[in-house]
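Novice:
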Amino acid sequence: MGSNSVRVRRVYEPLEDEDGVRVLVDRLWPRGESKAKAAIDRWLKEVTPSNELRSWYHQDPGSRYDDFVDRYRTELADPAHTAAVGELLTLLREGGPVTLVTAVKDVPRSHVPVLVDHLEHELAHP
5 MGSNSVRVRR
15 VYEPLEDEDG
25 VRVLVDRLWP
35 RGESKAKAAI
45 DRWLKEVTPS
55 NELRSWYHQD
65 PGSRYDDFVD
75 RYRTELADPA
85 HTAAVGELLT
95 LLREGGPVTL
105 VTAVKDVPRS
115 HVPVLVDHLE
125 HELAHP
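Numbering (our numbering) for the sequence shown: 5 to 130.
(1) Grab me the residues of V120's own chain with a C-beta within less than 8 Å of its C-beta, minus the 5 sequence neighbours each way, in chain order.
(2) Where DSSP assigns a beta bridge to W47, which residues make up the other side?
(3) In the DSSP output, which residue or residues are listed as bridge partners for L104?
(4) Just to confirm before moving on: does the CB-CB distance between V89 and H122 stay below 8 Å?
(5) Quick one: is A107 buried, meaning 16 or more other Cβ sit within 10 Å of its Cβ, or exposed?
(6) If you reduce the DSSP assignment to three classes, tell me which class H129 lands in.
(7) Excluding the 5 residues flanking A84 on each side, which residues of the same chain have their C-beta closer than 7 Å to its C-beta?
(8) Please classify T94 as buried or exposed, where buried requires at least 16 other C-beta atoms within 10 Å of its C-beta.
(9) For the segment 59–79 against the segment 20–28, are there 3 or more C-beta pairs whose distance is under 8 Å?
(10) If you follow the alpha helix (DSSP H) that R75 is part of, which residue opens it and which one closes it?
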């Protein structure tokens, strides 16, 4: 993806030189993780799904993921999220890499791939 690459890592994985700017994209601080060890440069709570959406999804993640994706994409376009998305896009346009850091256990079925897809789309179609 070149200079504006987006990486994804779990907060519990060891820090790597290639991480670049590390941005926590979870609403809650990772349980049991110190700020020093996490090495987070920015924490963008505002880019995460709303509490209502998160709560709704976690009631039945097995059957609600597709609807969750649609609803989260809608949220990413609303004013409450656009400023935080803009911060991420600015970091990426400044030359990245940017690593989105999360504590979720099942990253592929979380908000993170939706956010990565949204960022890549915004970078390709400014």
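In this text, a Cβ means the ideal position worked out from N, Cα and C, and glycines have one as well.
Specialist: Straight from the coordinates:
(1) V10, V12 and L104
(2) L28
(3) V12 and V27
(4) yes
(5) buried
(6) coil
(7) E50
(8) exposed
(9) no
(10) P65 to L80
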